[in-house]
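These protein sequences, in sequence, are chains A and B. Residues 1 to 372, numbered by the numbering used here, are exactly what the first sequence covers, in order. Residues 1001 to 1372, numbered by the numbering used here, are exactly what the second sequence covers, in order. Cβ coordinates follow ideal geometry from the N, Cα and C atoms, glycine included. Working notes, structure below.
There are 2 protein chains.
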Amino acid sequence: MTEFSYCMPSRIVLGKGSTARLKQYIQGDRVLIICDPFLYQSGAAERIGANLEGCTVSYFHAIEPNPSCESVDAAAEAARALGAQTVVGIGGGSSMDVSKIVSCLAGDEGSIYDYYSGGTRTLSPRTVRLICIPTTAGTGSEVTNVGVFTNKKKGIKMPFVTDQFWPDVALLDPELTYSLPPAVTASTGMDAFCHAIEAYWNKESQPICDALAVEAMRLVLAHIKAAYDDGNSETAREQMQLASLLAGVAFSQTRTTGIHAVSFPLTTEYGASHGTACSITLPAFIRISGEGAQAKMDRLCAALGYESIPQFADAVEALMVSMNMPTRLSQLGVQEDALEHIAQVGLGAAIIQLTPAVMNQETVTALLRSIL
Amino acid sequence: MTEFSYCMPSRIVLGKGSTARLKQYIQGDRVLIICDPFLYQSGAAERIGANLEGCTVSYFHAIEPNPSCESVDAAAEAARALGAQTVVGIGGGSSMDVSKIVSCLAGDEGSIYDYYSGGTRTLSPRTVRLICIPTTAGTGSEVTNVGVFTNKKKGIKMPFVTDQFWPDVALLDPELTYSLPPAVTASTGMDAFCHAIEAYWNKESQPICDALAVEAMRLVLAHIKAAYDDGNSETAREQMQLASLLAGVAFSQTRTTGIHAVSFPLTTEYGASHGTACSITLPAFIRISGEGAQAKMDRLCAALGYESIPQFADAVEALMVSMNMPTRLSQLGVQEDALEHIAQVGLGAAIIQLTPAVMNQETVTALLRSIL
Chain A
1 MTEFSYCMPS
11 RIVLGKGSTA
21 RLKQYIQGDR
31 VLIICDPFLY
41 QSGAAERIGA
51 NLEGCTVSYF
61 HAIEPNPSCE
71 SVDAAAEAAR
81 ALGAQTVVGI
91 GGGSSMDVSK
101 IVSCLAGDEG
111 SIYDYYSGGT
121 RTLSPRTVRL
131 ICIPTTAGTG
141 SEVTNVGVFT
151 NKKKGIKMPF
161 VTDQFWPDVA
171 LLDPELTYSL
181 PPAVTASTGM
191 DAFCHAIEAY
201 WNKESQPICD
211 ALAVEAMRLV
221 LAHIKAAYDD
231 GNSETAREQM
241 QLASLLAGVA
251 FSQTRTTGIH
261 AVSFPLTTEY
271 GASHGTACSI
281 TLPAFIRISG
291 EGAQAKMDRL
301 CAALGYESIP
311 QFADAVEALM
321 VSMNMPTRLS
331 QLGVQEDALE
341 HIAQVGLGAA
351 IIQLTPAVMN
361 QETVTALLRS
371 IL
Chain B
1001 MTEFSYCMPS
1011 RIVLGKGSTA
1021 RLKQYIQGDR
1031 VLIICDPFLY
1041 QSGAAERIGA
1051 NLEGCTVSYF
1061 HAIEPNPSCE
1071 SVDAAAEAAR
1081 ALGAQTVVGI
1091 GGGSSMDVSK
1101 IVSCLAGDEG
1111 SIYDYYSGGT
1121 RTLSPRTVRL
1131 ICIPTTAGTG
1141 SEVTNVGVFT
1151 NKKKGIKMPF
1161 VTDQFWPDVA
1171 LLDPELTYSL
1181 PPAVTASTGM
1191 DAFCHAIEAY
1201 WNKESQPICD
1211 ALAVEAMRLV
1221 LAHIKAAYDD
1231 GNSETAREQM
1241 QLASLLAGVA
1251 FSQTRTTGIH
1261 AVSFPLTTEY
1271 GASHGTACSI
1281 TLPAFIRISG
1291 EGAQAKMDRL
1301 CAALGYESIP
1311 QFADAVEALM
1321 VSMNMPTRLS
1331 QLGVQEDALE
1341 HIAQVGLGAA
1351 IIQLTPAVMN
1361 QETVTALLRS
1371 IL
């Protein structure tokens, strides 16, 4: 073990029906709730907001997938117009990510472009409270200090990392995930598994995160199929949300590795969902993980009940097949002549070098070819 | 699982030699270091302070075991006289506990008696930075929001709990523990084990803490004897300090149970060290833990490599014997006619009811009699 540093200052609350107690966590009485159009139109966001009796609650519900800086600025204007004292982000990664930067901009000046993607200003200390409420069990965004935004002017999507983005409260209510369709349960749940294993085998791994990551992997393997088969299973939904939380805390300190690096082109160029784009390479990355982390992977296999890395990889792949998830790149429409390009884009993400194996044009292309 | 809440906002840094980088964590340039006379006279505290080049560093080194409110007030006066911007507590529990309240009082008015043990004032938000550096591997005080102080006027020792007490930085340097005598290594290390198991079987247990507690117990069992046998073993010292840290984080959320409750009279009336007073009842509490937590204890035994609760308890007791620790109350001078009284005092601590077994005059006396 070398020196490690750990800091995760958000208060975590997890429990069935916990959103009913949202009011006890807010600051002031003017609250902006940020969500996507679906959550608003379905009434789900308003049901959560209805717990804020006596407060002035506004909704900004124009959050799109891969949220743009323009959406961020529009939401920040809404927060300023309201004089919001608390910003609540409800959703998958996108709405929570937007709520992070909006909670900062609400008490500050200017546009996100002033602070990010070429901007040179520094955010003032945040005065508006930030509460994140996930509606999937996967992103872990409620316990990270990262927001990912798309700069449409430059046509790029990139992360914004600052300690101002740690939510004051991560409020997890498994009931919000009951209505997720099976395919979303599968892809977001396997995204959580990727977060956990990428924290665990990470070259920047550390013992606190290791302990949480192992437990997260154990929980996903034990409960994801039950959540996929029966979305109303209280136990499976609760344990999957706990798994996503633990995995989120783990990778919030270590960052991710090759799986996430390679997922970016699969999402932007082939339209795969984030969870699908990650998990499709998961078995292949497990198979090569012994290269730099044999002893640690042996301990993981033992903890999860597998005899070897190949057996573990086969089991994960079989689990994915059992949930009708793609396990071959050709299922996403990838052709052999695109593999070099996908590897190249993946290698452009610095996190790929946190993978416990040599990552270069040759090795990454070979890995991709093995699952074509 | 019922609803749980978790919050541990301190930044944790652990690494051999990490105190050499103390300066990067302080605020301002006027620093008060709080320690006990031994750490000061041995030069250890000044060696740490020497890393604060360019700063004005003062030492308050009159901290006694079971620190009194009078010591707290004297240290607070020293902090105010210096205009301290950072307070650093170095030591076992006592010095770190004092540093917590002094970092608050330094920027506030009055005496600890105004805020605690009958005082009615509320501490203002803390403006002075607080850094805690443990010199044992056991108390976990560097990652709790609790200070324990003795009110000499009333003749009582009681905890002071406030979110103001979370250190900004918990800085753990295993090198500081190399010089601990074997008996202190054993008693403080087993105190850490008690923190972990009491967090795990606690009626207020929760999944994040469970994962950390299991890992803490695994580490103590794997490394305490090596640290006892060879105080300069880098690996053993590092892993024991990590174990103490993980256990500290775990019980910071759950509190402790019967082991700690019963330890209080054994310390105050029989002079046993805190770690000895706790661990002497540990095997007996393990033996009864199945009463309310059979399934959970079965999982723990499996994770730690034991076949049953009795086998686990026997192994812990044998480990203690191998380190020349007392395992019978009579070794502390306790006589049979005192058992009822010890049980009564232990039952006066509310935490005893967090034990996963019926705790009353009859059951606690019987437990004590079993290890007389």
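Residue i versus residue j - alpha carbon distance
{"i": "G1110 (chain B)", "j": "P1065 (chain B)", "result": "23 Å"}
{"i": "S179 (chain A)", "j": "S99 (chain A)", "result": "23 Å"}
{"i": "Q1241 (chain B)", "j": "T235 (chain A)", "result": "35 Å"}
{"i": "I34 (chain A)", "j": "A45 (chain A)", "result": "9 Å"}
{"i": "T136 (chain A)", "j": "C301 (chain A)", "result": "27 Å"}
{"i": "A1211 (chain B)", "j": "P1009 (chain B)", "result": "18 Å"}
{"i": "S1263 (chain B)", "j": "L1329 (chain B)", "result": "11 Å"}
{"i": "F160 (chain A)", "j": "V146 (chain A)", "result": "6 Å"}
{"i": "N1202 (chain B)", "j": "I1208 (chain B)", "result": "13 Å"}
{"i": "R1299 (chain B)", "j": "L304 (chain A)", "result": "13 Å"}
{"i": "E1053 (chain B)", "j": "A1272 (chain B)", "result": "40 Å"}
{"i": "T1122 (chain B)", "j": "V1334 (chain B)", "result": "41 Å"}
{"i": "S376 (chain A)", "j": "T281 (chain A)", "result": "Residue 376 (chain A) lies beyond the stretch modelled for chain A, which goes from 1 to 372, so this question has no answer here."}
{"i": "T1144 (chain B)", "j": "K16 (chain A)", "result": "27 Å"}
{"i": "P1181 (chain B)", "j": "P1174 (chain B)", "result": "14 Å"}
{"i": "T1002 (chain B)", "j": "G91 (chain A)", "result": "23 Å"}
{"i": "G290 (chain A)", "j": "T363 (chain A)", "result": "14 Å"}
{"i": "P125 (chain A)", "j": "G231 (chain A)", "result": "41 Å"}
{"i": "A84 (chain A)", "j": "C1055 (chain B)", "result": "41 Å"}
Within 8 Å, strictly: CB atoms of residue i and residue j
{"i": "V1087 (chain B)", "j": "A1106 (chain B)", "result": "yes"}
{"i": "G248 (chain A)", "j": "V220 (chain A)", "result": "no"}
{"i": "G1258 (chain B)", "j": "I1371 (chain B)", "result": "no"}
{"i": "M217 (chain A)", "j": "F251 (chain A)", "result": "no"}
{"i": "L1032 (chain B)", "j": "S1058 (chain B)", "result": "yes"}
{"i": "A1349 (chain B)", "j": "A1261 (chain B)", "result": "yes"}
{"i": "F1149 (chain B)", "j": "C1278 (chain B)", "result": "no"}
{"i": "L1176 (chain B)", "j": "I1012 (chain B)", "result": "no"}
{"i": "S1094 (chain B)", "j": "I1063 (chain B)", "result": "yes"}
{"i": "D191 (chain A)", "j": "G138 (chain A)", "result": "yes"}
{"i": "L82 (chain A)", "j": "R30 (chain A)", "result": "yes"}
{"i": "I131 (chain A)", "j": "I26 (chain A)", "result": "yes"}
{"i": "A186 (chain A)", "j": "M325 (chain A)", "result": "yes"}
{"i": "Y270 (chain A)", "j": "L367 (chain A)", "result": "no"}
{"i": "T19 (chain A)", "j": "L266 (chain A)", "result": "no"}
{"i": "M297 (chain A)", "j": "I309 (chain A)", "result": "yes"}
{"i": "P1067 (chain B)", "j": "M1096 (chain B)", "result": "no"}
{"i": "M158 (chain A)", "j": "Y228 (chain A)", "result": "no"}
{"i": "Q361 (chain A)", "j": "A338 (chain A)", "result": "no"}
Residue range of the unbroken alpha helix (DSSP H) whose run includes residue i
{"i": "F1060 (chain B)", "result": "Looking at the DSSP string, F1060 (chain B) is not in any alpha helix (DSSP H); the run it does join, the beta strand (DSSP E), is T1056 to F1060."}
{"i": "L242 (chain A)", "result": "E234 to T254"}
{"i": "C1035 (chain B)", "result": "No alpha helix (DSSP H) holds C1035 (chain B); DSSP gives it neither H nor E."}
{"i": "I1197 (chain B)", "result": "P1182 to Y1200"}
{"i": "M325 (chain A)", "result": "Per DSSP, M325 (chain A) belongs to no alpha helix (DSSP H) and is neither H nor E."}
{"i": "D337 (chain A)", "result": "Careful: D337 (chain A) lies outside any alpha helix (DSSP H) and carries neither H nor E."}
{"i": "L123 (chain A)", "result": "Taken as a continuous stretch (DSSP letters only), L123 (chain A) belongs to no alpha helix (DSSP H), as it is neither H nor E."}
{"i": "R1021 (chain B)", "result": "Per DSSP, R1021 (chain B) belongs to no alpha helix (DSSP H) and is neither H nor E."}
First and last residue of the uninterrupted beta strand (DSSP E) at residue i
{"i": "F1004 (chain B)", "result": "F1004 to Y1006"}
{"i": "I90 (chain A)", "result": "T86 to G91"}
{"i": "L219 (chain A)", "result": "Unbroken run through L219 (chain A) is the alpha helix (DSSP H), P207 to D229; no beta strand (DSSP E)."}
{"i": "L354 (chain A)", "result": "Taken as a continuous stretch (DSSP letters only), L354 (chain A) belongs to no beta strand (DSSP E), as it is neither H nor E."}
Residues that DSSP places opposite residue i in a beta bridge
{"i": "G1147 (chain B)", "result": "B:F1160"}
{"i": "I1112 (chain B)", "result": "For I1112 (chain B), which the question treats as bridged, DSSP gives no partner whatsoever."}
{"i": "S68 (chain A)", "result": "A:T150"}
{"i": "R1030 (chain B)", "result": "B:T1056"}
{"i": "C132 (chain A)", "result": "A:G89 and A:A170"}
{"i": "L14 (chain A)", "result": "A:L172 and B:F1004"}
Within chain E, the residues that residue i reaches when beta carbons sit closer than 8 Å
{"i": "V88 (chain A)", "result": "The displayed structure is made up of protein chains A and B, and chain E is not among them."}
Validate contact between the segment 152-164 of chain A and the segment 220-238 of chain A using beta carbons, cut 8 Å, 3 pairs: Fewer than three Cβ pairs drawn from the segment 152-164 of chain A and the segment 220-238 of chain A lie within less than 8 Å of each other, which leaves the two stretches out of contact.
The segment 192-209 of chain A touching the segment 272-290 of chain A, judged by at least three CB pairs closer than 8 Å: The way I'd put it, the segment 192-209 of chain A does touch the segment 272-290 of chain A; three or more beta-carbon pairs between them come closer than 8 Å.
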